[in-house]
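Going by the numbering used here, the sequence shown opens with residue 55, and the numbers climb by one from there. Glycine included, C-beta positions come from ideal geometry on N, C-alpha and C. This structure is a prediction, so every number in the text was calculated from the model and none was measured.
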Amino acid sequence: MKPGHDPARPECDTALRRVSREARPFLRARTGAILRLSGWSLLEFAQTFLSGYGVARALDDGFLAGRPATGLLWLAVAAVAVLPSVLAARGVFGRLADLVEPLRDGLVRRAVARALSGALGRSGDVSTRSLSQVTHQSEIARDGWAGLVLTLRSFVFTAAGAVTGLLALSPALLLIVLPPLVLGAALFLGTLPPMAARQRAYLAADEAYAAHAGELAASVRDIAAAGTAGRTVAESRVLADAQLVASRSLARWSAVRVVALAVCGRFPPLLLLLGAPWLLRNGLTPGGLVGALTYLTQALAPAVQALMTMLGTAGGRLVVVLDRFTDAPPPPADEPAPAISDDAPPPSQGPARRAPVAELHEVTFAYGPRAHPVLDRLSLAVGAGEHLAVVGPSGSGKSTLAAVLAGTEQPTGGAVRWRGRPARPADATSVRVLLPQHAYVFSGSLRDNLRYLRPDARDREIAAMADAVGLDTLLSRLGSLDAAVEPDRLSQGERQLVALGRAYLAAPPLLILDEATSRLDPAAETRAELAFATLPGALVVVAHRLSSARRADRTLVMDGPRTQCGTPGELLRSSALYRDLSGLWEPEEADAVPEQDVPEEARREQRRLGEERAIRSTPPPSPV
């Protein structure tokens with residue numbers, strides 16, 4: 055990222071454009087409601103006009119002229135003018151519903167439609183987001199929109215009544231009153247885009263920290279078991295610092311808004327008093343001076359302050375909330391999209407790919423400011439339904455790549471995207487599952503261990519999973535799903551099988567196996583990987599046997615920061631390291647799984663892989 059670059063600014067500009075684009079047809083369709091609302095507001099215009107004009111006439115034509123009865127009469131007119139404005143308030147609130155309720159209904163319909171579409175397309179985190187939009191966020195939008203309409207309407211007609219009154223008293227008053235009003239308004243409007251950007255950044259930082267805190271509360275046992283307390287504290291500190299920076303930036307721009315309020319609300323009366331001698335010499339009457347002060351202090355200043363406060367707080371929040379409804383949903387899983395990778399073949403040569411579930415764009419990672427990069431400007435895309443294997447010698451960065459792709463490590467440079475959007479910790483649980491080499495199993499029933507990532511899984515789904523992954527032997531040995539699991543009594547391979555079954559039930563959009571089958575024999579490993587290959591999500595396998603790479607659609611060969619990606623056949627021709635690894639990792643006889651133990655879908659996959667191996671094993675023709 056370039057120094058001084060503010061990522062929130064373009065996001066905010068995009069949000070404003072998106073919200074404005076959809077607001078225009080919404081308002082055009084309700085022109086009648088806006089006109090009826092304006093009609094009732096004319097009574098407020100009249101009340102504002104008479105408040106200052108009545109005071110001026112009471113002084114000039116009444117008390118200062120020696121006619122107190124006339125002065126009292128004008129004051130009575132100004133007081134009685136308040137009564138129609140009370141009637142107007144009732145009519146305004148009645149017409150307000152014609153603008154506010156359709157907005158809320160439309161937002162709820164949109165959220166429900168998106169939730170249903172996302173659920174059918176398995177686009178991910180639709181339940182919590184859509185529930186929040188239907189309940190909490192739609193109410194925020196309705197209340198914010200109602201407050202904005204009321205405040206903006208009041209300001210427009212109050213300001214119009216005050217300016218008309220000032221013109222009626224003396225046009226020269228506008229020469230003193232309008233400049234600070236225009237200057238303050240311009241200063242305030244200039245703060246709106248950065249304020250909205252900072253508001254959005256603050257909300258995003260707050261959501262990220264809240265999501266992180268929620269994950270910590272549910273994962274204390276996991277953190278203690280894995281010994282990752284130090285890393286967890288560091289992640290919490292980074293998120294807290296980001297929230298602090300966002301809040302300070304928001305506070306600085308809030309201070310600028312206070313200055314704009316002072317210029318609009320405090321300067322006009324002060325300038326009016328300073329210019330009073332000149333105004334009185336140029337025809338302004340004493341009553342006109344007092345009437346002008348009445349307009350400024352009792353009408354314009356409160357209206358300006360209310361408008362700026364509303365736009366600066368509820369207005370910015372309204373834009374951010376509406377943007378959550380108007381932004382484009384994640385691309386469906388079956389939408390075609392190109393995939394990028396180092397040395398990737400042209401689209402016509404590789405297997406058919408779907409929309410990327412995870413992407414690395416020019417990603418660099420190093421374990422220190424002066425350390426050599428483990429990943430160096432790596433670009434990679436993994437599509438839905440794709441099986442990618444990662445191979446390389448020990449220390450080449452395979453586990454680092456898995457951690458960066460899963461979002462547990464932040465890249466030094468470049469960007470990580472999940473389903474077309476920047477990877478965020480708040481989205482991690484709905485997008486990916488990362489299984490490390492050392493599987494975590496806790497004391498409890500087998501059912502609780504398997505449903506750890508998907509608490510609503512039914513017994514028949516667990517039984518189907520056990521048959522597909524190869525967990526049926528362990529299930530038979532324990533006796534039932536309710537049998538108590540003692541982690542110390544399970545072998546490392548059995549622990550890995552439990553973790554694999556847990557991930558299979560979750561069926562995430564992105565599953566990353568970081569040598570998660572290393573303690574299984576080749577037959578069990580083949581069975582598990584073929585079962586995962588039938589799931590609709592993307593599968594990334596950090597392989598410790600080359601047989602895993604031969605089962606994959608593509609293989610990424612890592613040799614430190616140097617990488618090469620392609621099909622096994624392409625890599626045999628183009629990658630010397632892959633050929634060396636092939637020589638070291640000859641396929642074992644145990645790689646073959648008894649056909650009766652493999653599900654039908656996995657058997658079809660094995661036959662397809664066998665045909666590919668036969669094609670690849672045919673030597674190329676000798677050169678002439």
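Considering only the alpha carbon of each residue, which of S92, V436, A288 lies closest to P590? Taking each of S92, V436, A288 in turn and checking the Cα distance to P590, the smallest one comes out for V436.
Measure the C-alpha to C-alpha separation of D481 and M249 and round it to an integer number of angstroms. When rounded, the distance between both Cα atoms is 26 angstroms.
Less than 8 angstroms between the CB atoms is what I'm expecting for L10 and L434, so what's the real figure, rounded? The question about residue 10 has no answer, for the chain in this structure spans 55 to 678.
If you compare alpha carbons, which of A409, V134, P622 is closest to W472? Relative to the Cα of W472, the nearest Cα in the group A409, V134, P622 belongs to A409.
Can you tell me whether V312 is buried or exposed, with buried defined as 16 or more other CB within 10 angstroms of its CB? By the neighbour-count rule (16 or more Cβ atoms within 10 Å), V312 is not buried but exposed.
Answer with buried or exposed for N107, where buried requires no fewer than 16 other C-beta atoms within 10 angstroms of its C-beta. Note that residue 107 corresponds to Tyr in the displayed sequence, not to Asn. The residue in question, Y107, is buried, as its Cβ has 16 or more Cβ neighbours within 10 Å.
Measuring only from the beta carbon, is L118 closer than 7 angstroms to any heavy atom that is part of the ligand GTP? Only the bare structure without any ligand can be found here, which leaves the ligand GTP out of the picture.
Q297: first and last residue of the uninterrupted alpha helix (DSSP H) it sits in: Segment 283-319, the alpha helix (DSSP H) holding Q297.
Should the stretch 226-233 be called in touch with the stretch 301-319, which here means at least 3 C-beta pairs below 8 angstroms? Taking a contact to require three or more Cβ pairs closer than 8 angstroms, the stretch 226-233 and the stretch 301-319 do not qualify as touching.
Exposure of T182, with buried meaning 16 or more beta-carbon neighbours within 10 Å: Confidence is the limiting factor: at T182 the pLDDT is only 48, short of 50, which leaves the residue's position unreliable, though a coordinate-based value still follows. The residue in question, T182, is exposed, as its Cβ has fewer than 16 Cβ neighbours within 10 Å.
Ends of the alpha helix (DSSP H) at S601? S601: member of the alpha helix (DSSP H) spanning 600-605, first to last residue.
To the nearest angstrom, how far is it from the Cα of L343 to the Cα of G337? Taken atom to atom, the span from the alpha-carbon of L343 to that of G337 is near 11 angstroms.
Runs of 4 residues minimum, wholly inside the stretch 108-143: which ones carry the alpha helix (DSSP H) assignment? Annotation note: the stretch 108-143 contains the following uninterrupted alpha helix (DSSP H) runs of length 4 or greater, listed N- to C-terminal: 122-134.
Going by beta carbon distance, what residues of the same chain come within less than 6 angstroms of Y558, once the five residues before and after it are set aside? Result list for Y558: M519, V523, in chain order.
Just to check my reading of the structure: L414 and L442 have Cβ atoms closer than 8 angstroms, yes? What is that Cβ distance to the nearest angstrom? Beta-carbon to beta-carbon, L414 and L442 are separated by about 12 angstroms, too far to satisfy the 8 angstroms threshold.
Under 8 angstroms Cβ to Cβ from L529, same chain only, skipping five residues before and after it: list those, please. Its chain contains L500, A520, L535 as the residues whose beta carbon lies nearer than 8 angstroms to that of L529, once the 5 sequence neighbours on both sides are disregarded; these appear in chain order.
Nearest-angstrom Cα distance between D568 and V595? Whole-angstrom Cα-Cα distance: 6 angstroms.
So with Cβ pairs under 8 angstroms, would you call H426 a contact of chain C? Chain labels in this structure do not include chain C; a single protein chain is all it has.
In the DSSP assignment, what residue or residues form a beta bridge with M362? Paired residue(s): none; M362 is not in a bridge.
Can you tell me whether DSSP reads D575 as helix, strand or coil? Residue state, collapsed to three classes: coil.
Below 8 angstroms CB to CB, which residues in the same chain sit around E155 once its five sequence neighbours on both sides are set aside? Around E155: R196.
Would you mind stating whether F687 and T462 have Cβ atoms separated by less than 8 angstroms? It is not possible to answer for residue 687, since the shown part of the chain is limited to 55 through 678.
With DSSP as the reference, label H441 as helix, strand or coil. Here H441 sits in strand by DSSP.
The stretch 212-220 / the stretch 339-359 touching (three or more Cβ pairs under 8 angstroms): With the cut-off at 8 angstroms, the stretch 212-220 and the stretch 339-359 touch.
From the DSSP output, in three-state form, read off P563 for me. Three-state result, P563: coil.
Which residues share a DSSP beta bridge with S499? BP columns for S499 point to A538.
As assigned by DSSP and simplified to three states, the class of H426: In the three-state DSSP reduction, H426 falls in the coil class, being neither helix nor strand.
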